[in-house]
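Asker: Residue numbers (numbering that gives the first Met the number 0): 0 to 373.
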Amino acid sequence: MRVGVDTFTIRELRLDPFATFDYLVKNGFDGAQFGELRGLSQELDPARLREVRSEADHRGLYCHVSVPCCNPHIIAGNLTEHTVELTKQIEAAAEAGWHELHSTLGNGMERYEHPVRWTQQLADSADFIRDLGPVLRQNGSRINLETHGDVTTFELVRLVEDVGPDIAGICLDTANVLCHAEDPVLAARRAAPYTHLTHTKDGIIYFSSRGYVRQGRPPGQGCLDWNQILPALAEFSPELPLSIEDHKWLFEFNVFEKRWLALHPDLTLEEFARVMRLAHLCEERIARGELENPDQYEAIPYAEQMEERLAFGRDFLNGLLLARGLKTKKGAEQSSTPSSWYAPCFNGVSGSSTPQSSRRSRGMSENDPPGRTS
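1) Can you tell me which of the three DSSP states V348 falls into?
2) Does the distance from the C-beta atom of N143 to that of L196 stay below 9 Å?
3) Considering Cα atoms alone, identify which of A93, L12, A18, C62 is closest to P45.
4) Taking all protein chains shown into account, decide if H279 is buried (16 or more other Cβ within 10 angstroms of its Cβ) or exposed.
5) Indicate whether A31 and H63 have their beta-carbon atoms separated by less than 9 Å.
6) So the beta strand (DSSP E) N143 belongs to, where does it begin and stop?
7) List the whole-angstrom C-beta distance separating V162 from R188, where the pair is believed to meet the contact cut-off of C-beta under 8 Å.
8) Would you call the CB atoms of M380 and A233 closer than 9 Å?
9) Between which residues of its own chain and S338 is the CB-CB distance below 7 Å, once the five residues before and five after are set aside?
10) Tell me the rounded alpha-carbon separation between L85 and E109.
11) Do P192 and C222 count as a contact pair if the criterion is CB distance below 9 Å?
12) What's the C-alpha gap between E112 and D201?
13) Pull up the DSSP beta-bridge partners for F206, would you.
14) Leaving aside the five residues before and after D5 along the sequence, list all residues of the same chain whose C-beta is less than 7 Å from its C-beta, in chain order.
15) Here's a check: name, in chain order, each residue in its chain whose Cβ is nearer than 8 Å to the Cβ of R54, leaving out the five neighbours to either side.
16) Compute the Euclidean distance between the alpha carbons of P133 and S124, then round it to the nearest angstrom.
17) Label P217 either buried or exposed according to how many other C-beta atoms from any shown protein chain fall within 10 Å of its C-beta, with 16 as the threshold for buried.
18) Return the first residue and the last residue of the beta strand (DSSP E) that L249 is part of.
19) Using the Cβ count rule (16 or more neighbours within 10 Å means buried), how would you classify G76?
20) Please check the pair L171 and L121, which I expect to be a contact at CB under 8 Å, by giving their CB distance rounded to whole angstroms.
21) Do F252 and R213 have their CB atoms nearer than 9 Å?
Right, here's the structure in full:
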């Protein structure tokens, strides 16, 4: 396992990919998860994309890219055109050496507000990825869907097993699972056999009148139990990149509401209770002064704390990996071949300034702003 950065985290620096690599090396990170491929080359120029990948390899950095959304119900424009675009990006990424691709099914509100039922969106998304199967298999590539505040690990595991773990996998956002009252440890264990990318994030939760609020924190400064999460993931993917995705924003989840609960049929009483206990423990830590007051902490612009937050997360994760013997040697991941990345799946069963104090609500009111869950 190696510790890097999702470039959304450092968006305010407005770095091109090569300046990003300079930043990573200077600050002791092992790699980067970039956004969509056209962010690296608007024309998908093969020479430009190979240059980016080659530079990462030369510096011993891991490097991954994203492709557009795989939910046909929320794409912009024509579905046929979107399929053609995704096919182009899969092929261009593979030619440059990128085979583990990040994508999403939504931005958080599709389960609650979209006119098409969420279960149908999931089924149609599975069909969409299945239709991409030939180009994915031909290029030895796989689309890893993020827990993006839209989909649960229960649902992603079923989708991956349905579509096929050779072409579909999971990008586990370790704290976004709290968007659905999933216990982070149990969620990591569920997703681990199919997890090939991560957005490594921590957070705290505390009660509100309709449920609880989540605030993002750097790895090691929140309520996630990394001593259990990291070994669970490493068991199936010992070279898994841990790409820190950090930001501010408060998100409210209306977990006390009947409709919210009805839209989470996989959630067990036991797991819900574990998450309620996390909220209680966070409130106790806030009361004792062990955690900064969330509103006061949120009021500080993210840009003022970015370097400090990233450095803490980097050192915390690296220290834990070294202590547990989970740290991958520099450059090891880049030498992996696509065929070797498939192996863990089959053993699965055994840029701009952002608002700093917005609270986004998940699941109930038609007037709730959609927001973004990163």
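The beta carbon of each residue, even a glycine, is placed where N, CA and C say it ideally should be.
Answerer: Inspection of the coordinates gives the following:
1) For the purposes of this step, residue 348 is taken as the residue at position 349 of the sequence shown. Any reading at V348 is ruled out, since the residue's pLDDT is 25, under 50, leaving its predicted position unreliable.
2) Translated into the one-based positions of the sequence shown, residue 143 becomes position 144. Translated into the one-based positions of the sequence shown, residue 196 becomes position 197. Their beta carbons are under 9 Å apart, which means N143 touches L196 by this criterion.
3) The residue given as residue 45 occupies position 46 in the sequence shown. If we check each option's Cα against that of P45, A93 comes out closest.
4) Position 280 of the sequence shown, counting from 1, holds the residue named residue 279. H279 is exposed by the Cβ-count criterion.
5) Stepping through the sequence shown from its first residue, residue 31 is reached at position 32. Stepping through the sequence shown from its first residue, residue 63 is reached at position 64. Judged by beta-carbon spacing, H63 lies within the 9 Å limit of A31, meaning their Cβ atoms are closer than that value.
6) Position 144 of the sequence shown, counting from 1, holds the residue named residue 143. Judged by DSSP secondary structure, N143 falls within the beta strand (DSSP E) whose first and last residues are 141 to 145.
7) Counting from 1 along the sequence shown, the entry for residue 162 is found at position 163. Counting from 1 along the sequence shown, the entry for residue 188 is found at position 189. Under the criterion of beta carbons closer than 8 Å, V162 and R188 do not qualify as touching, at roughly 21 Å.
8) Beyond the ends of the chain as shown, which are 0 and 373, falls residue 380; an answer cannot be given.
9) The residue you call residue 338 lines up with position 339 of the sequence shown. Residue placement at S338 is poorly supported in this model, since its pLDDT is 34, which falls under 50; the coordinates still yield a value, given next. Taken in chain order, the residues that qualify are G139.
10) If you number the sequence shown from 1, residue 85 lands on position 86. If you number the sequence shown from 1, residue 109 lands on position 110. Those two C-alpha atoms are separated by around 21 Å.
11) In the sequence shown, the residue the question calls residue 222 occupies position 223. In the sequence shown, the residue the question calls residue 192 occupies position 193. It is not a contact, given that the beta carbons lie outside the stated cut-off.
12) As a working note, residue 112 is residue 113 in the sequence shown. As a working note, residue 201 is residue 202 in the sequence shown. Answer to the nearest angstrom: the Cα atoms are 27 Å apart.
13) Position 207 of the sequence shown holds residue 206. The secondary-structure analysis by DSSP pairs F206 across a beta bridge with Y211.
14) Looking up residue 5 in the sequence shown gives position 6. If you ignore the 5 residues before and after D5, its C-beta comes within less than 7 Å of the C-beta of Q32, H198, S242, I243, E244, all in its own chain and listed in chain order.
15) Here residue 54 corresponds to residue number 55 of the sequence shown, with the count starting at 1. At residue 54 the sequence reads Glu, which differs from the Arg that was named. Taking C-beta separations shorter than 8 Å and ignoring five residues to either side along the sequence, the partners of E54 in its chain run P16, F17, F20, following chain order.
16) On the sequence shown, position 134 is the one that residue 133 refers to. On the sequence shown, position 125 is the one that residue 124 refers to. Taking the straight line joining both Cα atoms gives about 16 Å.
17) Numbered from its first residue, the sequence shown carries residue 217 at position 218. Its Cβ being crowded by 16 or more others within 10 Å, P217 is buried.
18) As a first step, residue 249 is located in the sequence shown; it is residue number 250 there, counting from the start. Start and end: 249 to 252.
19) On the sequence shown, residue 76 is found 77 positions in, with the first residue counted as 1. With fewer than 16 Cβ atoms within 10 Å of its Cβ, G76 is classed as exposed.
20) Stepping through the sequence shown from its first residue, residue 171 is reached at position 172. Stepping through the sequence shown from its first residue, residue 121 is reached at position 122. Contact between L171 and L121 is absent: CB atoms are separated by about 18 Å, not below the 8 Å threshold.
21) One-based indexing of the sequence shown puts residue 252 at position 253. One-based indexing of the sequence shown puts residue 213 at position 214. Yes, Cβ-Cβ distance for F252 and R213 is below 9 Å.
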